[in-house]
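Novice: Residue numbers for the sequence shown follow the working numbering, beginning at 4 and rising by one.
The following block contains the structure, expressed as structure tokens.
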Amino acid sequence: MKRLRFLAPLALLALVAAGCGSSNDNAASTTNGTTTASSSDFKVGLSTDIGGLNDRSFNHLAFVGLQRAGNELGVKTRVVESKSPADYIPNLSALAKQGYDLVIGVGFTEIQAMQAVAKQFPKTHFAIVDVSNADEGNLKNVQGLLFKEQEAGYLAGYAAGLTAKAKGGTAVSSVGGQKQPPVDRYIAGYQAGAKAAFPAVKLINGYSQDFANQAKCKEVALNQIASGSVVVFQVAGGCGLGALDAAKQKSVWGVGVDADQAYLGPHVLTSALKRVDTAVFDSIRDAKGGKFKGGQDTVYGIKDDGVGIGKFSSDAPKGIEATVNTIRKHILDGQIKNIPTTVK
4 MKRLRFLAPL ALLALVAAGC GSSNDNAAST TNGTTTASSS DFKVGLSTDI GGLNDRSFNH
64 LAFVGLQRAG NELGVKTRVV ESKSPADYIP NLSALAKQGY DLVIGVGFTE IQAMQAVAKQ
124 FPKTHFAIVD VSNADEGNLK NVQGLLFKEQ EAGYLAGYAA GLTAKAKGGT AVSSVGGQKQ
184 PPVDRYIAGY QAGAKAAFPA VKLINGYSQD FANQAKCKEV ALNQIASGSV VVFQVAGGCG
244 LGALDAAKQK SVWGVGVDAD QAYLGPHVLT SALKRVDTAV FDSIRDAKGG KFKGGQDTVY
304 GIKDDGVGIG KFSSDAPKGI EATVNTIRKH ILDGQIKNIP TTVK
């Protein structure tokens with residue numbers, strides 16, 4: 004009986020890992036996980052933020068990049084999930100103490116924890132998604148992984164503006180998790196793109212103050228829809244799934260974030276993509292190859308295929324996808340530049 008009680012939690016962990024899209028039988032466990040089987044001695048640990056691996060966007064993408072590194076580079080991997088901000092320092096510290104060659108933090112909310120732990124373990128290499136090295140005190144053992152979210156936001160906003168105009172709508176909106184630089188870069192770009200496509204459109208924005216509780220984002224989105232929004236852009240990770248559910252419930256459009264969330268249904272107009280998986284994989288590859296980019300930032304934009312636009316709904320107004328692809332080319336060739344990064 005004791006053995007059965009021990010095995011039950013392990014079975015649950017396996018199900019969680021499978022739910023995150025793992026195709027690797029040796030994938031790391033998602034909570035205080037074991038390392039993957041590998042002939043390499045190079046070890047990489049990843050600490051999620053409180054959104055967890057099942058957020059279907061940000062943390063999940065980081066996990067996908069980690070899995071790819073395990074499969075293609077043969078590195079040993081481990082994932083630890085943070086249930087609250089109080090877990091950040093213990094999780095990062097545990098990975099460093101256990102001799103992981105590269106420790107990756109996921110998200111802006113880990114900014115202070117990363118700085119504290121990186122100072123404590125100066126010989127360990129660290130990388131953090133969405134935080135610049137300067138914000139980490141210019142530490143030589145920390146690499147910042149940043150994105151030009153405003154470019155992806157602009158494309159999504161342009162699509163939203165065109166859709167609102169085509170459907171006779173008057174407003175589009177955005178639901179942010181918290182007012183953080185990466186969140187606001189998305190929203191600022193979205194608003195600029197919507198205005199460029201439909202100058203008369205009304206812009207509505209709000210924050211749920213949460214990245215996990217779907218009910219909070221749904222409530223914000225429902226209020227925005229009641230105020231006239233016909234396209235809702237979620238920028239809140241797992242919480243934002245509630246905003247997309249509100250859009251579906253009220254028969255308006257939703258726009259996904261980070262990952263392509265078209266699988267949620269035809270009410271998802273498109274998604275603003277951020278290749279967190281690519282950034283995580285690249286950081287691991289460089290560190291394993293002796294080219295760790297500590298003390299600096301690696302920044303991904305449209306030119307690097309680090310951000311972009313996802314699939315368009317089959318129900319989207321005709322011609323919108325082609326127009327948005329043209330706008331993407333204009334960003335690439337410099338015809339569109341200086342996209343806003345702050346929300347006014």
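All C-beta atoms in this analysis are idealised placements derived from N, C-alpha and C, irrespective of residue type, glycine included.
Enumerate in chain order the residues of its own chain whose CB-to-CB distance from Ala119 is below 7 angstroms, with the five nearest sequence positions on each side excluded.
Specialist: Ile92.
Novice: Would you give the residue range spanned by the alpha helix (DSSP H) that Gly140 belongs to?
Specialist: Note, Gly140: premise wrong, no alpha helix (DSSP H); not H, not E.
Novice: Spatial neighbours of Thr344 within its chain, please: CB distance less than 6 angstroms, with the 5 preceding and 5 following residues excluded, ordered by chain position.
Specialist: Excluding sequence neighbours, Thr344 sits near Gln153, Arg188, Ala191.
Novice: When you compare only the Cα positions, how much space is there between Gly268 and Gly196?
Specialist: Taking the straight line joining both Cα atoms gives about 24 angstroms.
Novice: Of all the alpha helix (DSSP H) runs that stay within the bounds of the segment 175 to 232, which reach a length of 4 or more residues?
Specialist: Here the runs fully enclosed are 184 to 200, 217 to 229.
Novice: Strictly by DSSP, which residues pair up with Thr301?
Specialist: Bridge partners of Thr301: Leu148.
Novice: Please classify Ser135: does DSSP put it in a helix, a strand, or coil?
Specialist: Here Ser135 sits in coil by DSSP.
Novice: Classify Pro185: buried if its beta carbon has 16 or more other beta carbons within 10 angstroms, exposed otherwise.
Specialist: It counts as buried.
Novice: Beta strand (DSSP E) containing Val260: first to last residue?
Specialist: Val260 -> beta strand (DSSP E) spans 256 to 261.
Novice: Name the DSSP bridge partner or partners of His270?
Specialist: His270 is not bridged to any residue.
Novice: Assuming the contact rule is C-beta atoms closer than 8 angstroms, Val271 and Ala265 should be a hit. Round their C-beta distance to whole Å, please.
Specialist: Confirmed, about 5 angstroms.
Novice: Distance check for Glu75 and Lys182, CA to CA, integer angstroms please.
Specialist: When rounded, the distance between both Cα atoms is 36 angstroms.
Novice: For Lys168, count neighbouring Cβ atoms within 10 angstroms of its own Cβ and tell me buried if that reaches 16, exposed if not.
Specialist: Result: buried.
Novice: May I ask you to report which of helix, strand or coil DSSP gives Arg288?
Specialist: Of the three classes helix, strand and coil, the one that applies to Arg288 here is helix, per DSSP.
Novice: Let me check one thing: in DSSP terms, what residues is Lys122 bridge-paired to?
Specialist: In the DSSP output, where bridge partners are listed per residue, Lys122 has none listed.
Novice: Could you spell out the range, first to last residue, of the beta strand (DSSP E) harbouring Leu56?
Specialist: Looking at the DSSP string, Leu56 is not in any beta strand (DSSP E), and its letter there is neither H nor E.
Novice: Drop a sphere of 10 angstroms on the beta-carbon of Ala352, count the other beta-carbons inside from all chains shown, and report buried for 16 or more, exposed for fewer.
Specialist: One cannot answer for residue 352 here, as it falls past the ends of the chain, which runs 4 to 347.
Novice: Within a Cβ cutoff of 8 angstroms, which residues of the same chain sit near Lys170, ignoring the five residues on either side of it in sequence?
Specialist: Within the same chain, Lys170 has close Cβ partners Val233, Pro320.
Novice: Does the beta-carbon of His63 have 16 or more other beta-carbons within 10 angstroms, so that it is buried, or is it exposed?
Specialist: When all chains shown are included, His63 counts as buried.
Novice: Measure the alpha-carbon distance for Pro202 versus Ser176 and round it to whole angstroms.
Specialist: So the two alpha carbons sit approximately 14 angstroms from each other.
Novice: Exposed or buried, Gly147, counting other C-beta atoms within 10 Å across all chains shown (16 or more means buried)?
Specialist: So Gly147 counts as buried.
Novice: Give the single residue among Ser317, Asp300, Leu335 whose Cα lies nearest to the Cα of Asp354.
Specialist: An answer regarding residue 354 cannot be provided, because it is not within the stretch 4 to 347 covered by the chain.
Novice: Whole angstroms are fine: how far does the CA of Thr173 sit from the CA of Asn205?
Specialist: For clarity, residue 205 is Lys in the given sequence; the question names Asn instead. Near 6 angstroms, if we compare the C-alpha coordinates of Thr173 and Lys205.
Novice: State yes or no: is the beta carbon of Ile107 nearer than 8 angstroms to at least one beta carbon in chain B?
Specialist: Protein chains in the displayed structure number just one, and chain B is not present.
Novice: By the three-class DSSP mapping on this structure, what secondary structure does Gly311 have?
Specialist: Strand.
Novice: Look at Leu105 and Ala275 and say whether their C-beta atoms are less than 8 angstroms apart.
Specialist: Result no, Cβ atoms of Leu105 and Ala275 do not sit closer than 8 angstroms.
Novice: Rounded to the nearest angstrom, how far is the Cβ of Ala116 from that of Leu95, given a contact under 8 angstroms?
Specialist: The pair is a contact, with the Cβ atoms about 6 angstroms apart (cut-off 8 angstroms).
Novice: DSSP beta-bridge partners for Thr80?
Specialist: Paired residue(s): Val47.
Novice: DSSP state of Lys251, grouped into three classes?
Specialist: Three-state DSSP puts Lys251 in a helix.
Novice: What would DSSP say about Lys168, mapped onto helix, strand or coil?
Specialist: Three-state result, Lys168: helix.
Novice: Enumerate in chain order the residues of its own chain whose CB-to-CB distance from Val67 is below 6 angstroms, with the five nearest sequence positions on each side excluded.
Specialist: Excluding sequence neighbours, Val67 sits near Asp280.
Novice: Span of the alpha helix (DSSP H) holding Val327?
Specialist: 323 to 335 is the span of the alpha helix (DSSP H), which, as asked, contains Val327.
Novice: Report yes if the C-beta distance between Lys277 and Phe150 is below 8 angstroms; otherwise report no.
Specialist: For Lys277 and Phe150, yes; Cβs fall inside 8 angstroms.
Novice: Since Ile107 is in the beta strand (DSSP E), which residue starts that stretch and which ends it?
Specialist: Ile107 -> beta strand (DSSP E) spans 105 to 109.
Novice: Rounded to the nearest angstrom, what separates Val260 and Gln212 at their Cα positions?
Specialist: Each residue's Cα considered, the two are about 17 angstroms apart.
Novice: Ignore the nearest five residues each way along the sequence and tell me which others in Gln123's own chain have a CB closer than 8 angstroms to its CB.
Specialist: Ser96, Ala99.
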